[in-house]
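In this note's numbering, the protein residues as written are 885 to 1202.
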Ligand SMILES: Cc1cc2nc3c(=O)[nH]c(=O)nc-3n(C[C@H](O)[C@H](O)[C@H](O)COP(=O)(O)OP(=O)(O)OC[C@H]3O[C@@H](n4cnc5c(N)ncnc54)[C@H](O)[C@@H]3O)c2cc1C
């Protein structure tokens, strides 16, 4: 990597650039080899500078929020891993239910702050671990609501360094999908449109939802939430269980005994173990039901990446 580019990037951020940084410390699965450079961005201004500077210097950039929906490759990632954080990130409440937020802000911090201001809408997604940027990319949500429904504008920067605004319609939010997924743009910030509510009740509702999630999901072992999307008219967890896969194991990766659509890192799991197990679940569920499950988690590209197996035929739901 040209040292002049990395020097310019160093002067664009307030935090320390980490060289040969293990990604296992930055992903909730706790797997992944080393990032050549891990660059923390304290807010969207820093993130934009790093992204544009690196790409114009020919250095590949991989964007990471909390790493709560990704499988980082065992062989590591070349170039820069841009880690969005909220250290000095913006969260503004200018009135009339408008909220202006940098992409690195965590959903729980945003939900708590909005509730404190009597702004309603984030409660259903408050317990989802991650940043607002990651939640926009994934249109993260629960049965009670998703990220996209609160968005009035998303601002991205393209690899050419051009800023673009998207309305909610243009963002094409769908079930765990958006126009931003796989586009290669950096999500910088968003404007939310929220309704009003009682601060105490909203705060209590966030706490209640967090407690409910603690009881429902296997939060004690490293994982990255649901492995597969919900197929039409069914649940991935139900299908995996019905196909007899609960407790199935590959290396250090196991199907959670508590929630069959969660793979947990039960010890020394690698990304390869997780992807192998996910592939086996897909094959077994397909054999059992004819349904080919679609991955919700994102295998990040990098050295030694293993892609999930392709579906065997076109009669599936994918
Ligand atoms: C215990 C647990 C429970 C979960 N429950 C749910 C749930 O109920 N509902 C749900 O929908 N999800 C759930 N998830 C999955 C995950 O929390 C969400 O998908 C979350 O929105 C990911 O946010 P993140 O910041 O961690 O993104 P990451 O995992 O870091 O990144 C996800 C993708 O977005 C990209 N990305 C991140 N930020 C940006 C940005 N600013 N610009 C461009 N690209 C970016 C990354 O490159 C990657 O492709 C759960 C995960 C865990 C571990």
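Beta carbons: idealized from backbone N, C-alpha and C, even for Gly. Predicted model only: the values in this text are computed from it and were never measured.
Residue i vs residue j beta-carbon contact at 9 Å
i: residue 1066; j: residue 953; result: no
i: residue 920; j: residue 962; result: yes
i: residue 1000; j: residue 968; result: no
i: residue 1008; j: residue 1028; result: yes
i: residue 933; j: residue 896; result: yes
i: residue 1026; j: residue 991; result: no
i: residue 1173; j: residue 1127; result: yes
i: residue 1096; j: residue 984; result: no
i: residue 1135; j: residue 1160; result: yes
i: residue 1077; j: residue 1036; result: yes
i: residue 1186; j: residue 956; result: yes
i: residue 1018; j: residue 909; result: no
Burial state of residue i (16 or more Cβ within 10 Å)
i: residue 1023; result: buried
i: residue 945; result: buried
i: residue 1094; result: exposed
i: residue 980; result: exposed
i: residue 1046; result: exposed
i: residue 1162; result: buried
i: residue 891; result: exposed
i: residue 1082; result: exposed
i: residue 1098; result: exposed
i: residue 986; result: buried
i: residue 1059; result: exposed
i: residue 1114; result: buried
i: residue 1154; result: buried
i: residue 875; result: The first residue shown for the chain is 885 and the last is 1202, placing residue 875 beyond what the model contains.
i: residue 1054; result: exposed
i: residue 1152; result: exposed
i: residue 1088; result: exposed
i: residue 898; result: exposed
i: residue 970; result: buried
Close beta carbons around residue i, own chain, < 7 Å, minus the five adjacent residues each side
i: residue 997; result: 975
i: residue 843; result: No information on residue 843 is available, as it lies outside the stretch 885 to 1202 that the chain covers here.
i: residue 912; result: 950, 951, 952, 1013, 1106, 1107, 1108
Residues near residue i in its chain [Cβ-Cβ closer than 6 Å; skip 5 each side]
i: residue 1167; result: none
i: residue 1048; result: 1040
Three-state secondary structure (DSSP) of residue i
i: residue 918; result: strand
i: residue 943; result: coil
i: residue 967; result: strand
i: residue 958; result: coil
i: residue 903; result: strand
i: residue 1172; result: helix
Own chain partners of residue i with C-beta closer than 8 Å, once the 5 adjacent residues on each side are dropped
i: residue 885; result: 920, 921, 943, 963
Residues that residue i bridges to, as DSSP identifies them
i: residue 1204; result: This structure leaves residue 1204 out entirely; the chain is present only between 885 and 1202.
i: residue 1149; result: 1137
i: residue 1035; result: 1076
i: residue 1025; result: 1030
i: residue 1003; result: 1080
Proximity test, residue i beta-carbon vs ligand 2 heavy atom, cut-off 8 Å
i: residue 1004; result: Among the ligands modelled here, namely ligand 1, ligand 2 does not occur.
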